[in-house]
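Per full-length UniProt numbering, residue 1 is the first one in the sequence shown, and the count goes up by one each step. Comments concern the structure below.
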Amino acid sequence: MSPANQSQSIDDTINTILPSYDMFTSTVGKTLDTHNDEDDDLQPPCYNNTVRNNSYQSDVSSATATSDASAGLNTMSLSSSRTSVEESMLQGTDENGSFIVADESTCYWKETILDNVHRLPNLTFEKHKVSEAVNIEVHFTKDICEIGKKPELIDPHVYEFNQGDLLNGYVIIQNRSDKPIHYDMFYLLFEGNFMVANPANLQDRVPVKIRKFLEMFDFSASWNEGNINRLVTDVRNPYVCEDIRDPIDGAALCFGDKKFIYPGITYKRFFTFRIPNNLLDSECNEHGLSKHVELPPTMGMPRWEIAHFPERARNKIKDFSMLDTSVSYGVMARFIGRKSTWESDFGEIKITADNTRLINAKGDEYVILKELTNHFRIVPKTPAPTDSERSMKLLENKLMYNNFILRIKEKIDQGNQLIESIEAGNFTGSVEIGRRLSETELELAKCSQLYRPDNIRDAKFNPDRKEYYETFLPLVKKSITGTKSLGTLQLSTPKKEYCICYIPPIRFRQGSIDKRVNSWKFDIPLDLSVKFPSISTKSPNVPTIKGISAEFVVVTLRSDKYAIPIELNHDLLFNKVNTGQFHDNDNVFNNLISPIRQECSKLYSIAKSLGAENFRMEKQLVDDLKAIGQLKQQSLNLVVRGLKVNGKTFNKDSVKWTVNQESAHASVTLGIDLEGLMLKGELVAAKLGKAYDRFSLVPNFQSCYMSRMYHIRLTVHLSNGAYSNIKVPVRVGKV
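Take a look at the structure:
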């Protein structure tokens, strides 16, 4: 839980505006200067109508293509593609990509610095005098910090924050050298990051993928040319940088009008953030998916946090995140400057980063002098949807997925028709073909409007109709003379999402968890039926059930580069195939990833056959195909111990069949208790403890690049060695 007893009149106390990135770059960002301060002329802000992309999406290294088909898509000519020179001009790089130039003569140079901050060399962990001289500490407090009022410090690692909670605190900055240290920019922000670490090098702190899905700047805490009154009681002159000291510890509360960290002075900057209810809609600009703008929960632990706070690795929470993947939140303080300003006083700075450099028009290179992020845990509340809302969302997801598949099929059909036309001698030239494709794509764009959520709300469905998850398994008898069909075994259970309460790890708990624990026990009805062959003349035999087992499955999905184009759900991903084998082939790879890769292969073959000029594809469709085709998946199966069948341990009489000449039926109720969950291979012992004390099941979530979902896999063991499976969805929610 978050810190208690926060003032209800916070909005009457604090003036801080926590701006968007664009607001920051057009105001505070203007102070990032490469000229001498005394020679500067204050210029008016530059406004333009250019629509900026999600600028903080960093693809430090491209994901390796996972198949020839998806790799082939990388070579396709896109209708919206530009030449490499054009792209370089737009991105402010030279033609070979070695430098990113922040040209002060343009309107974009200030944004260029922050847009490419992930590319800047970072001296934080380098053994160099200038970086080692700068000390940064980020402290959290219970209440809003005020001058002359001693704060009550809190440990963020014993609190679990929700939407709407306040993050209060201050940053301490010191120069431990005997020389002033110049900087070009200091900013303090609250950020949320999706990171993928380098799996090939466990010591590499620089992520191969970073996506900043949340960033809120504190104007008053970041460096400004003037003062911003953060409290309603502040009456400072906004145009004069006064030397204000906190009487509590004598710390300087202002940097001064020059961008220097002076030795012998302790600087202190107060901050306050409010955790938002949702992300900005722009975080899912490409597809506009509602689930993708919800706050994801903290998962995993980034290597940056371990590097700053090694002791935290010992208390790492087991939440079944991918080992190299994390979703994290923190308050971050960072200094940025020019390398040349430090080398004269502190010696040569050798850059060990890649070949990309970010420079100004004079060739001065920008470097991160020092940064520190103090992380904390956020697990947002997830109110349970009603049955009607869930049914409507499932319908919406299905229509959007079908529309995605329709776009792929339409493009393949177009290509095949063109190939047939060319082979028949009816080829009329690339211009006419391009026009035909453009008209078809326009029609597809019109059709896609039918699948907008606003239209789906008008879809009619019967809320009283009962639907079932179903799987089918052919029953056969093998003998010397061959195999004989004995009918088909059907497993079915009502379409229902079983909801359990999120239980925080032990150190975050406050109060009793008894009510939450009760939700971890529930019953699942399971119907078994056999349809006998119509040609059978003998008395039918029902299959012998040797046992029934259950596993709790944790599914994590990740896209390394491209935004996932659809909202995923249980119905789209599972209960598609039942092979009867012990190894379960009913999984995300076989049901989603592999079919999309096959479609990629078809498109790649068509593109090679027709040539890039004659077969153009919209860039968004190509990216969407890559996103699905290159998805990474991780499934962990936890054993459900103590499964009850009709309230008892399974025995040979647990399944009672009702038999007639055409079919047989049986119904059982399975008692599930998730308190006893254990990983395969764990020793069953009394000291094992409750599952929620040993690991954390974070609430279900989806974002543009990561997804977490759960289900229970029920397995019926037959005497002939076959296995029949069915899966039911589980939602972990926080209320």
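Beta carbons: idealized from backbone N, C-alpha and C, even for Gly.
Going by the DSSP bridge assignment, what does residue i pair with across the sheet?
i      : result
Cys501 : Gly733
Asp673 : Lys521
Ile368 : Asn122 and Ile336
Gln490 : Phe472 and Ser529
Phe552 : Leu638 and Ile712
Gln633 : Leu557
Lys153 : It is worth fixing the name first, because residue 153 is Leu in this sequence and not Lys. In DSSP, Leu153 forms a bridge with Thr141.
Met678 : Val639
Tyr329 : Gly192 and Phe376
Lys652 : Lys652 pairs with nothing; no bridge assigned.
Gly482 : Ser479
Val728 : Ile712
Phe701 : Arg708
Which residue's Cα is closest to the Cα of residue i: the options?
i      : options                           : result
Glu343 : Ile173, Glu420, Phe186 and His182 : His182
Lys350 : Gln174, Ala252 and Asn122         : Asn122
Ala550 : Leu679, Asn660 and Asn168         : Leu679
Lys652 : Val640, Tyr401, Ser663 and Val668 : Val668
Ala563 : Ser707, Asp155 and Ile317         : Ser707
Phe273 : Ile712, Phe217 and Ser282         : Phe217
Leu167 : Phe271, Gly611 and Leu114         : Phe271
Leu473 : Pro504, Gln581 and Leu557         : Gln581
Ile545 : Ile408, Gly721, His583 and Gly487 : Gly721
Ile275 : Lys381, Gly347, Ala307 and Arg211 : Lys381
Asn646 : Ala666, Phe574, Leu231 and Ile147 : Ala666
Met709 : Asp693, Lys495, Asn569 and Ile606 : Asn569
Leu189 : Thr483, Glu371, Pro543 and Leu395 : Glu371
Ile173 : Val134, Val158 and Pro151         : Val134
Asn416 : Ser340, Asp165 and Phe615         : Phe615
Lys515 : Phe508, Val101 and Ile503         : Ile503
Lys632 : Thr386, Ile593 and Gly642         : Ile593
Glu662 : Lys531, Arg269 and Leu323         : Lys531
Thr715 : Asn578, Leu214, Arg211 and Val293 : Asn578
Glu348 : Asn518, Arg338 and Arg357         : Arg338
Lys495 : Thr481, Met332, Leu489 and Asn575 : Asn575
Thr266 : Ile154, Glu225, Arg205 and Val171 : Val171
Helix, strand or coil: how does DSSP classify residue i here?
i           : result
Ala361      : coil
Lys409      : helix
Leu253      : coil
Ile378      : strand
Glu467      : coil
Phe404      : helix
Asn278      : strand
Leu718      : strand
Lys259      : coil
Asn53       : Interpretation of Asn53 is limited by its pLDDT of 35, a score under 50 that renders its predicted location unreliable; no figure is taken from the coordinates.
Lys268      : strand
residue 736 : Within the shown structure, residues of the chain are numbered from 1 to 735, placing residue 736 beyond reach of any answer.
Ser391      : helix
Ile593      : helix
Lys644      : strand
Phe217      : strand
Gly300      : coil
Gly288      : coil
Asn96       : Because the pLDDT at Asn96 is just 43, under 50, the model does not fix this residue reliably, and the point stays unresolved.
Thr544      : coil
Phe273      : strand
Thr579      : coil
Asp458      : With a pLDDT of only 46 at Asp458, under 50, the local geometry of the prediction cannot be trusted, and no value is derived from it.
Ile606      : helix
Gln620      : helix
Phe161      : strand
Tyr723      : strand
Arg245      : strand
Strictly under 7 Å for the Cβ-Cβ distance: is residue i near chain C by that measure?
i      : result
Cys704 : Chain labels in this structure do not include chain C; a single protein chain is all it has.
Counting along the chain, where does the beta strand (DSSP E) carrying residue i start and finish?
i      : result
Tyr170 : Leu166 to Asn175
Tyr187 : Met185 to Val196
Val101 : Phe99 to Ala102
Starting from residue i and walking both ways along the alpha helix (DSSP H), at which residues does that stretch end?
i      : result
His570 : His570 to Leu573
Ile306 : Arg303 to His308
Ser131 : Lys129 to Ala133
Tyr692 : Ala691 to Arg694
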